[in-house]
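Asks: Input: one structure, supplied below.
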Amino acid sequence: MENILGLIKLRIKRGTNLKVCDTRTCDPYVFVTMAEQKLKTGVVKDSINPEWNEELTLYPIMSGNGW
């Protein structure tokens, strides 16, 4: 296994008063990147006040050149 330094847990709770993307609502999600890692929540259909209540976990890895 590579040089895993630990883990970072992100608790994605909700969004409020998001900008309308379509004519009257949007289909929001949260997208997180760290180095080569990419994580995404589920899509909440037709909401400008979405609730995810999801936990995403990132694993910081020390490469030969640092982060």
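With the UniProt record's numbering, you'll find the sequence shown wraps up at 67, consecutive numbering, no jumps. All residues carry an ideal CB built from backbone N, CA and C; glycine is no exception.
CB-CB under 6 Å to LEU39, same chain, minus the five flanking residues each way: which ones, in chain order?
Replies: VAL32, LEU56
Asks: What is the C-beta distance between THR25 and ILE48, in whole angstroms, given that I count them as a contact (C-beta under 8 Å)?
Replies: 6 Å
Asks: Would you mind giving the Cβ-Cβ distance between ILE8 and GLU54, rounded to the nearest angstrom? I have them listed as a contact below 8 Å.
Replies: Incorrect: roughly 14 Å between the Cβ atoms, too far for contact.
Asks: Exposed or buried, what is VAL44 when buried is set at 16 or more other beta-carbons lying within 10 Å of its beta-carbon?
Replies: buried
Asks: Taking C-alpha atoms, which residue in TRP52, CYS21, ASP46, LYS19 lies nearest to VAL30?
Replies: TRP52
Asks: With THR57 as the anchor, note down where its beta strand (DSSP E) starts and where it stops.
Replies: 51–58
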